[in-house]
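S.K.: Structure provided below as structure tokens; questions to follow.
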Amino acid sequence: MNPTRDTHATLVDLLDRVLDKGLVLDADLIIHVAGIPLLGVKLRAALAGMETMLKYGIWQDWDEALRAIATKEYQQKR
Amino acid sequence: MVPCEGRYLYGVVVSRKVVRLGPIGIEGGEVYTIPYEGLSAIVHDCPAEPYQSLDEDTVKKWVKTHQNVVDEAKKQLGSIIPIGFDTILKPKDDVTSPDQVVKDWLKADYERLQTILENIRDKDEYGVQICYASRVIAKQISEESQEIRKIREEMAAKSPGTAYLYKQKVERAVKAEIERLASDWFKDFYARVKRHCDDIVVGKTRKADRNKVMLLNLSCLVARERMDNLGEELEKINNMEGFSVHFSGPWPPYSFVAKPVVPVEEEAK
């Protein structure tokens, strides 16, 4: 079986990753540690709007997905 | 004209040179690299405010462009630490230049970035979602489960009114049996997929297409030479009656660079 990057078939996978994942620059911590101000990190949630999120089912998963770890999920499924 | 004192970040690569990637950024931004000691941030110049829109298509276009830039940078410069959408650095005073702020960040975060780059070298991320078709599975179960067969046999001899209650009883029994089995499927599939991965993140399941229930939503970090093995394993699962696999990628390792910045001394507290 081969993986796909077809834009139609993987739009949710794409949004899920680009909007919700990737390297996190912790604004507060960086300001605290190195004095580097940062914009925009916390605004991802507001950005795409409720409708998009609801349509793709991302909104409900947002918070939990961020914290999801294998063991926790594994236990929940049991 | 709005001053471009912000730097929109796409990712970090290993590179010492200033490389120009052209006007491929969000809203046609000129994408280039800002190097610091062998690491380079992929950026474009932008006003110091986030990209915001309530128009779905606009946001989708931005997200796709963001991803295209990350792909292009990876193609030209190798392994990349992808940064999430709308991450913008800007100077907090008039003295520091925007480029300097990016260099200061690379310097401050240097060790962590090196460690991440080491972890993701020659690996790609893949999305794996495994669903079951509820109707197909329900049919299998009602044929195979002795308990349910027994209820159905009793039902055959009842009046239509009572038979209706029996039908509900069957449905409940099937549902309970699916829930019981789902836990076994989850464990089995998870173990089979994990075997072929260098790292794995379990995401929350999403609502799947109609008549399908998502059982697992995994992000897998896989060394290039192991990808075929994962593909073969997924093929086997995909061929099982009542199950289907959605296999996407290769993605930059978005799910494996997401740990927030926690300096060692902070963590120790």
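Note that the protein sequences, when read in sequence, are chains A and B.
Taking the numbering used here as reference, the numbering of the first sequence is continuous, increasing by one, and the terminal residue is 78.
Taking the numbering used here as reference, the numbering of the second sequence is continuous, increasing by one, and the terminal residue is 347.
Just so it is clear, CB atoms sit at the ideal spot from N, CA and C, and this is done for glycine as well.
Considering Cα atoms alone, identify which of B:Val291, B:Asn289 and B:Cys298 is closest to B:Phe275.
M.R.: Looking at the sequence shown, residue 275 of chain B is not Phe but Cys. The shortest Cα separation from B:Cys275 among B:Val291, B:Asn289 and B:Cys298 belongs to B:Cys298.
S.K.: Pop quiz: B:Thr111 and B:Ile104 are said to be a contact at Cβ under 8 angstroms. What is the actual Cβ separation, rounded to whole angstroms?
M.R.: Not quite, the Cβ-Cβ distance comes to about 16 angstroms (not below 8 angstroms), so this is no contact.
S.K.: Find out if the Cβ-Cβ distance for the pair B:Ile219, B:Ile229 is shorter than 8 angstroms.
M.R.: No, the pair does not count as a contact, with Cβ atoms beyond the cut-off.
S.K.: Within 10 angstroms of the Cβ of B:Ala269, are there 16 or more other Cβ atoms? Answer buried if so, exposed if not.
M.R.: Its Cβ having fewer than 16 others within 10 Å, B:Ala269 is exposed.
S.K.: Going along chain A in order, which residues have a C-beta closer than 9 angstroms to the C-beta of B:Pro113?
M.R.: Within 9 angstroms Cβ-Cβ: nothing; B:Pro113 doesn't reach chain A, min ~17 angstroms.
S.K.: Looking only at DSSP bridge pairs, what is B:Asp202 linked to?
M.R.: DSSP, once it has assigned bridges, lists B:Val300 as partnering B:Asp202.
S.K.: Which residues of chain A have a Cβ atom closer than 8 angstroms to the Cβ of B:Ser157, listed in chain order?
M.R.: Correct list: empty, because the minimum Cβ distance to chain A is about 13 angstroms.
S.K.: Give the straight-line distance between the Cα atoms of B:Glu328 and B:Lys236, rounded to the nearest whole angstrom.
M.R.: The amino acid occupying residue 328 of chain B in the given sequence is Pro; Glu does not appear at that position. Using only the alpha carbons, I get a separation of about 56 angstroms.
S.K.: Does the distance from the C-beta atom of B:Arg155 to that of B:Ser93 stay below 8 angstroms?
M.R.: The amino acid at residue 155 of chain B is misidentified as Arg; the sequence shows Leu. Their beta carbons are under 8 angstroms apart, which means B:Leu155 touches B:Ser93 by this criterion.
S.K.: Mind listing the chain A neighbours of B:Asn316? Cutoff is C-beta to C-beta under 8 angstroms, in chain order.
M.R.: Those are Met1, listed as they occur along chain A.
S.K.: With a threshold of 8 angstroms between beta carbons, is B:Glu388 in contact with chain A?
M.R.: Summary: the structure shown does not reach residue 388 of chain B, with chain B confined to residues 79 through 347, and so no result is reported for it.
S.K.: Residues of chain A with a CB under 9 angstroms from the CB of B:Gly327: which are they?
M.R.: The contacting residues are Pro3, Thr4, Arg5, Thr10 and Asp13.
S.K.: Where are the alpha helix (DSSP H) runs, 4 residues long or more, that stay fully inside the stretch 275 to 325 of chain B, in chain order?
M.R.: Segments of the alpha helix (DSSP H) lying fully in the stretch 275 to 325 of chain B: 305 to 316.
S.K.: When you compare only the Cα positions, how much space is there between B:Val96 and B:Ile194?
M.R.: Answer to the nearest angstrom: the Cα atoms are 22 angstroms apart.
S.K.: For B:Arg284, which of B:Ile278, B:Leu296, B:Arg273 and B:Asp277 has the nearest alpha-carbon?
M.R.: Of the listed residues, the one whose Cα sits closest to B:Arg284 is B:Leu296.
S.K.: So, is B:Leu243 buried or exposed, given that buried needs 16 or more other C-beta atoms within 10 angstroms?
M.R.: Exposed: under 16 other Cβ atoms inside 10 Å.
S.K.: Going by C-alpha distance, which of B:Glu134, B:His144, B:Met233 and B:Glu231 is nearest B:Arg106?
M.R.: According to the sequence displayed, residue 106 of chain B carries Gly and not Arg. Nearest option by C-alpha distance: B:His144.
S.K.: With DSSP run on the structure shown, which of helix, strand or coil describes B:Lys95?
M.R.: Here B:Lys95 sits in coil by DSSP.
S.K.: Buried or exposed: which applies to B:Ile208, given that a residue is buried once 16 or more other Cβ atoms fall within 10 Å of its Cβ?
M.R.: So B:Ile208 ends up on the buried side.
S.K.: In whole angstroms, what separates the C-alpha of B:Cys82 from that of B:Cys124?
M.R.: Near 5 angstroms, if we compare the C-alpha coordinates of B:Cys124 and B:Cys82.
S.K.: Quick one: measure Cβ to Cβ for B:Pro330 and B:Glu196, integer angstroms, because I've assumed they're closer than 8 angstroms.
M.R.: Contact flag wrong, Cβ pair sits at about 16 angstroms.
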